[in-house]
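**Q**
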Amino acid sequence: MSAYASLAAHFGRISAMSNAIGILQWDSDTMMPKGAAASRAESLALLRVLQHEMAVDPRLGDWLEAAAGDDTLGDWERANLREMRRVFTAQTAVPADLVEASSKAISACEMAWRQARAESDFPALLPYLAEVLRLQREAGAAKGAILGLSPYDALLNDYEPGARIARIDALFDDLAAFLPGFTEEALAAQARRPAPGALEGPFAVEAQRGLGQRMMAALGYDFDRGRLDVSTHPFCGGADHDVRITTRYDEADFAKALMGVIHETGHALYEQGRPAAYMNQPVGQARGMVLHESQSLLMEMQACRSREFLGFAAPLMRAAFGGTGPEWEAEALWRRYTRIERGFIRVDADEVTYPAHVILRTRLEKAMIADDLPLAELPAAWNAGMKELLGTTPPNDRLGCLQDIHWPSGGWGYFPTYTLGAIAAAQLFDAACRAEPDTLPAIGRGDFAPLVGWLRTHVHGLGSLLDTDALLTRATGRPLDAGVFKAHLARRYLPA
């Protein structure tokens, strides 16, 4: 067996382990009884240690060196070698005992977060979150020492390979300067339009679920390779051929669950569309979380808040909930789903104010990793940042620093990818509509095939063959650039 074939077989086994971990983690977040938390944490910790041991197998270094000289390999195989080397380098930087300790700390912290969030009790979460943060700093420092990066850049690199906080800070500072004035202008324009009438609930959960599944099918989700469930925080997870999504329901407002389903379906379409021939190889994985978030936000914000989509969706919404009256007409629903409001909750935020939520979290987590912000001061710093960036202060920590699961689950360095993903989504949707002029008219008919087909070719099916900027340049003619995002906001929210 050649060195490359040995590597491919080995990484195939690592992928199988990831699939098992993914399903166990999904069950932990959806259906697992509370009493099983401790044993599940032990099981997940063991599997992650075993997976880590596989990823740092000393034979990999020899195989990688031997395969580098194999001139029979094609472009995909060489890209796979590059990704294998990246994984091996990052994994060898972190000792197994740190992987195990981190996994156990995360499991405990996630369970504590669910209760602390429900009770708006940050002090109850503090010791658990402090342990997760301590271990994340340790992992960031270990990876950074090998990669020549700061601890925060090393953590960021796990979610978006090659990303650097210096470039992100420049993009975010530009947006932070642009958004306050734009938000004021857009709110003034909104005030001059008729306000959408109230949609009177309650909206039964089963009806919401049925509508969500109808939209998932329209977008192209393959139910033979996934399912829809409920969790405290919506997510997309599972395994290579079993891509599961979750949402949460509010009988007073069906839009929260519906847009959550559409968002997570965007993630799932990416996962279901990855290159089949390399599904269990590093090159077959999604490039990074910037492109992953671009796919969810492209569906939720670009496509499914368009007038065309609301024209298609309005009759389905009326049928699902027995809605009557002008407030259920497509134009009124468009005004509702493009309404700007300075809210507290990131996942419910409109696309104008959403970047401010992400900028705040990025600044805070960067400060916490650098030990410039004591964890006990997080609630006060959060509230001050909300006041500065959004002009509003959460009344309690449940609506403030306890709202997201990312930090309790060890997702430090993830947050910047949301707004970078929004920028990429605007570029990709603009390019798709220019390349396929029927994209928006087809969405108005409930036909997402032109859009998804273009994404399959230009994003999903490429896996990790290209880095993010190279993929965006090939698909849109430019690397990551906020200009198209700003132009999109102006077209949608300011009068002509």
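Residue numbers (the working numbering): 6 to 501.
Note that the Cβ used here is the ideal one computed from N, Cα and C, for glycine as well.
If you're wondering where the values come from, they're calculated on a predicted model, not measured in any experiment.
#1: Whole angstroms are fine: how far does the CA of Y164 sit from the CA of D75?
#2: Report all residues from its chain with a CB closer than 8 Å to the CB of A21; omit the five preceding and five following residues, and keep chain order.
#3: Unbroken alpha helix (DSSP H) runs of length 4 or more, entirely within the region 276-309: which are they?
#4: Mind checking which residues open and close the beta strand (DSSP E) that includes L233?
#5: Rounded to whole angstroms, what is the Cα-Cα separation between T77 and D245?
#6: Out of L477, S7, A291, L494, which one is the CA nearest neighbour of G466?
#7: Would you mind working out which of T94, A46, E47 sits nearest G66, comparing C-alpha positions?
#8: Name the residue from E47, I173, E105 whose alpha carbon lies nearest to the alpha carbon of E141.
#9: Can you give me the start and stop residues for the beta strand (DSSP E) that C241 sits inside?
#10: Between the beta-carbon of L425 and the beta-carbon of L485, is there less than 8 Å?
#11: Are the region 42-54 and the region 97-115 in contact at 8 Å, needing three or more beta carbon pairs?
#12: State buried or exposed for M6, treating a residue as buried only when at least 16 other CB atoms are found within 10 Å of its CB.
#13: How long is the line joining the alpha carbons of A41 and A50, rounded to whole angstroms?
#14: Based on Cα-Cα distance, which residue from P185, G243, I267, A262 lies nearest to G225?
#15: Enumerate in chain order the residues of its own chain whose CB-to-CB distance from S299 is below 7 Å, with the five nearest sequence positions on each side excluded.
#16: With 8 Å as the threshold, decide whether the Cβ of S48 is near any Cβ in chain C.
#17: CA-CA distance, F314 and L180?
#18: Look at the alpha carbon of L394 and the alpha carbon of L192, and state the distance between them as a whole number of angstroms.
#19: Taking the C-alpha atoms as reference points, what is the distance between A487 and R64?
#20: Using C-beta distances below 6 Å, list every residue in its chain close to R439, excluding the 5 sequence neighbours before and after it, in chain order.
#21: For G215, which residues of its own chain have a beta-carbon under 7 Å away from its beta-carbon, when the five flanking residues on both sides are left out?
#22: Going straight from the alpha carbon of L383 to that of D80, what length do you get?
#23: Give me the Cα-Cα distance between A308 and I448, rounded to the nearest whole angstrom.
#24: State the start and end residues of the unbroken beta strand (DSSP E) segment that holds T251.
#25: Compute the distance between the beta-carbons of L471 and R479, then report whether it is under 8 Å.
#26: So the alpha helix (DSSP H) K491 belongs to, where does it begin and stop?
#27: Leaving out five residues on either side along the sequence, give the residues of the same chain with a beta carbon under 6 Å from the beta carbon of D409.
#28: So which of I26, P413, E334 has the shortest CA-CA distance to A121?
#29: Please tell me whether P280 and G468 are closer than 8 Å, where the distance is taken between their beta carbons.
#30: Excluding sequence positions up to five away, which residues of its chain have a Cβ less than 7 Å from the Cβ of A203?
#31: In three-state terms, what does DSSP make of D435?
#32: Note down the Cα distance separating W459 from V357, rounded to an integer number of angstroms.
#33: So, are the CB atoms of T251 and G217 less than 8 Å apart?
#34: May I have a chain-ordered list of the alpha helix (DSSP H) segments no shorter than 4 residues that lie completely inside the region 430-487?
#35: Measuring CB to CB, does L12 end up less than 8 Å from L55?
#36: By Cβ distance, which residues of its chain are closer than 8 Å to A194, with the 5 residues on each side in sequence left out?
**A** Reading from the atomic positions:
#1: Counted from its first residue, the sequence shown places residue 75 at position 70. Counted from its first residue, the sequence shown places residue 164 at position 159. Approximately 30 Å, taken between the alpha carbons.
#2: Position 16 of the sequence shown, counting from 1, holds the residue named residue 21. Within the same chain, A21 has close Cβ partners N285.
#3: 294-302
#4: Counting from one through the sequence shown, the residue named residue 233 turns up at place 228. Here the beta strand (DSSP E) through L233 covers 233-235.
#5: Residue numbering aside, residue 77 sits at position 72 when the sequence shown is read from its first letter. Residue numbering aside, residue 245 sits at position 240 when the sequence shown is read from its first letter. Rounded to whole angstroms, T77 to D245 spans 28 Å at the Cα level.
#6: Counted from its first residue, the sequence shown places residue 466 at position 461. Ranking L477, S7, A291, L494 by Cα distance to G466 puts A291 first.
#7: Position 61 of the sequence shown holds residue 66. Comparing Cα positions, the closest option is T94.
#8: The residue you call residue 141 lines up with position 136 of the sequence shown. Sequence check: residue 141 is Gln here, not Glu. Nearest of E47, I173, E105 to Q141, Cα basis: E105.
#9: Within the sequence shown, residue 241 is the residue found at index 236, counting from 1. Counting along the chain, the beta strand (DSSP E) containing C241 begins and ends at 241-244.
#10: Numbered from its first residue, the sequence shown carries residue 425 at position 420. Numbered from its first residue, the sequence shown carries residue 485 at position 480. Result yes, Cβ atoms of L425 and L485 sit closer than 8 Å.
#11: yes
#12: The sequence position of residue 6 within the sequence shown is 1, counting from 1. It is exposed - the Cβ of M6 has fewer than 16 other Cβ atoms within 10 Å.
#13: Taking the first residue of the sequence shown as 1, we reach residue 41 at position 36. Taking the first residue of the sequence shown as 1, we reach residue 50 at position 45. Taking the straight line from one Cα to the other gives about 14 Å.
#14: Taking the sequence shown and counting its residues from 1, the one referred to as residue 225 is at position 220. It is I267 whose Cα lies nearest to the Cα of G225.
#15: On the sequence shown, residue 299 is found 294 positions in, with the first residue counted as 1. Closer than 7 Å at the Cβ level, and outside the excluded window around S299, lie G426, A429, A430, L433.
#16: You won't find chain C in this structure, because it holds only one protein chain.
#17: On the sequence shown, position 309 is the one that residue 314 refers to. On the sequence shown, position 175 is the one that residue 180 refers to. The straight-line gap from Cα to Cα measures roughly 28 Å.
#18: Walking along the sequence shown from the start, residue 394 turns up at place 389. Walking along the sequence shown from the start, residue 192 turns up at place 187. Spanning the two alpha carbons is a distance of roughly 15 Å.
#19: Taking the sequence shown and counting its residues from 1, the one referred to as residue 487 is at position 482. Taking the sequence shown and counting its residues from 1, the one referred to as residue 64 is at position 59. Between A487 and R64, the C-alpha separation is close to 43 Å.
#20: As a first step, residue 439 must be located in the sequence shown, where it is residue number 434. Closer than 6 Å at Cβ, skipping near neighbours: no residue.
#21: What you label residue 215 is simply residue 210 of the sequence shown in a count that begins at 1. The answer, listed in chain order, is A325.
#22: In the sequence shown, counting from the first residue as 1, residue 383 sits at position 378. In the sequence shown, counting from the first residue as 1, residue 80 sits at position 75. Approximately 47 Å, taken between the alpha carbons.
#23: Residue 308 sits at position 303 when you count from the first residue of the sequence shown. Residue 448 sits at position 443 when you count from the first residue of the sequence shown. Straight-line Cα distance between these residues: approximately 8 Å.
#24: In the sequence shown, the residue the question calls residue 251 occupies position 246. Its beta strand (DSSP E) spans residues 247-252.
#25: For the purposes of this step, residue 471 is identified with residue 466 of the sequence shown, where counting begins at 1. For the purposes of this step, residue 479 is identified with residue 474 of the sequence shown, where counting begins at 1. Yes. Within cutoff.
#26: Within the sequence shown, residue 491 is the residue found at index 486, counting from 1. Run containing K491: 488-498, per the alpha helix (DSSP H) assignment.
#27: Position 404 of the sequence shown, counted from the first residue, corresponds to residue 409. Same-chain partners within the cutoff: there are none.
#28: Numbered from its first residue, the sequence shown carries residue 121 at position 116. Closest by alpha carbon: P413.
#29: In the sequence shown, residue 280 corresponds to position 275, counting from 1. In the sequence shown, residue 468 corresponds to position 463, counting from 1. Cβ atoms of P280 and G468: closer than 8 Å.
#30: Translated into positions along the sequence shown, residue 203 becomes position 198. These residues qualify, in order along the chain: E332.
#31: For the purposes of this step, residue 435 is taken as residue 430 along the sequence shown, with counting starting at 1. If DSSP states are grouped into helix, strand and coil, D435 belongs with the helices.
#32: As a first step, residue 459 must be located in the sequence shown, where it is residue number 454. As a first step, residue 357 must be located in the sequence shown, where it is residue number 352. W459 and V357: Cα-Cα distance of roughly 26 Å.
#33: Position 246 of the sequence shown, counting from 1, holds the residue named residue 251. Position 212 of the sequence shown, counting from 1, holds the residue named residue 217. It is not a contact, given that the beta carbons lie outside the stated cut-off.
#34: 444-449, 454-463, 473-481
#35: Walking along the sequence shown from the start, residue 12 turns up at place 7. Walking along the sequence shown from the start, residue 55 turns up at place 50. In this structure, L55 does not lie closer than 8 Å to L12 by Cβ.
#36: Position 189 of the sequence shown, counted from the first residue, corresponds to residue 194. If we look at A194 and ignore the five residues flanking it on each side, its Cβ neighbours are Y498, L499, P500.
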